[in-house]
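Heads up, the thing below is written out as structure tokens.
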DNA sequence: TTTAATTCCTATTGACTTGATAGAGATTAA
DNA sequence: TTAATCTCTATCAAGTCAATAGGAATTAAA
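Chains as they are written, first to last, in the numbering used here: chain U, 1 to 144; chain W, 1 to 144.
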């Protein structure tokens, strides 16, 4: 299951993607519109800022905007920030590989082989879905 | 990521699948062979017993064996017991559907659509891999 | 120059989950 | 009868999750 943090992040980002104006959006507006806990959202946006998924403008009339085009921000990008690797085991993570603590011999591990296939399938989907697609979907269904 | 419990469960089950004798295997043997914490393994096998993944024989010369043919125990079956639903959100879980707490309108949720596709991809893989395949793999690679 | 509005940073907290450990009870073959 | 096993319940420390809090830094506008 994804974390609450991930849900909040995705909703905030979708809001930014749907708005897509020229000037930044204030955190208060996002929190109110999407009914997100404001202070928690601050932390989340701070994390999203590090890898450049959002960028911020400080001071009066500051706010947040997407760090790059919505079509270049995938669900995988977001979930990796909020929830860590997509993989079901560190030994099959592409972005954050690590040997399992008690692994005997990775190359013959039957568990690993199944988890690797699962990772590839999940990543293929989540990397192919981006914020632009999701925002367009929302518009089509009249939710915005 | 899968839990430690899931790893232990899979290793114990693979041990049973590879052994595949007629009489049950004692928990002490499994724990020692696979280097698993014995008392923790007890709890795990108890959980696997409820849905019939393993069955047990009590008393002297008792032990555990697979509850059905290894080819009929998928990775998905095991992970659902140890780690809960495969889905990334309750609203896309097939085996344990639940509406998200703060969901506005499920049918137009853009997040849900992506997570649903991810679930299907993951489930397709994990339901198609079973203990018999994994055990055969181990034998082929000479690990047993 | 001041002020007000905003993001930024760090600490804290309660509830829950994880990964065990412990010990006694129930069952059964020898 | 006994010894070897599974069964059940309780407990625990450490970590994670989902927030909340308060003030510092920054900037546009008055």
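The beta-carbon is built from N, C-alpha and C at its ideal position, and this holds for glycine as well. Bear in mind the structure is a predicted one, so any value in this text is a computation, not a measurement.
{"Asked": "Identified DSSP bridge partners for residue 56 of chain W", "Found": "W/64"}
{"Asked": "Beta-carbon neighbours of residue 124 of chain W, restricted to chain U and to distances below 8 Å", "Found": "121"}
{"Asked": "Stretch-stretch touch, CB-based, cutoff 8 Å, three pairs: the segment 80-91 of chain U with the segment 107-119 of chain U", "Found": "yes"}
{"Asked": "is_contact[residue 94 of chain U, chain W] using C-beta, thresh 8 Å", "Found": "no"}
{"Asked": "Residue 102 of chain W at chain U interface by Cβ criterion, 8 Å", "Found": "yes"}
{"Asked": "Per-residue DSSP class, three states only, for residue 94 of chain W", "Found": "coil"}
{"Asked": "Extent of the continuous alpha helix (DSSP H) run through residue 131 of chain W", "Found": "131-140"}
{"Asked": "Classification of residue 63 of chain U by the beta-carbon crowding that lies within 10 angstroms, buried from 16 upward", "Found": "buried"}
{"Asked": "8 Å Cβ cutoff met for residue 18 of chain W and residue 45 of chain W", "Found": "no"}
{"Asked": "Residue range of the unbroken alpha helix (DSSP H) whose run includes residue 45 of chain U", "Found": "38-49"}
{"Asked": "Pick from W/96, W/111 and W/95 that is closest to residue 102 of chain W, judged by C-alpha positions", "Found": "W/111"}
{"Asked": "Pick from U/8, U/83 and U/87 that is closest to residue 147 of chain U, judged by C-alpha positions", "Found": "Since the displayed chain U opens at 1 and closes at 144, residue 147 of chain U lies outside it and no answer follows."}
{"Asked": "Cβ neighbours of residue 122 of chain U in the same chain (closer than 7 Å, five flanking residues each side left out)", "Found": "86"}
{"Asked": "Residue 3 of chain W (DSSP reduced to helix, strand or coil)", "Found": "coil"}
{"Asked": "Interface residues of chain W facing residue 186 of chain U [CB-CB closer than 9 Å]", "Found": "Residue 186 of chain U lies beyond the range of chain U shown here (1 to 144); nothing can be said about it."}
{"Asked": "Which listed residue (U/39, U/71 and U/21) has its alpha carbon closest to that of residue 27 of chain U", "Found": "U/39"}
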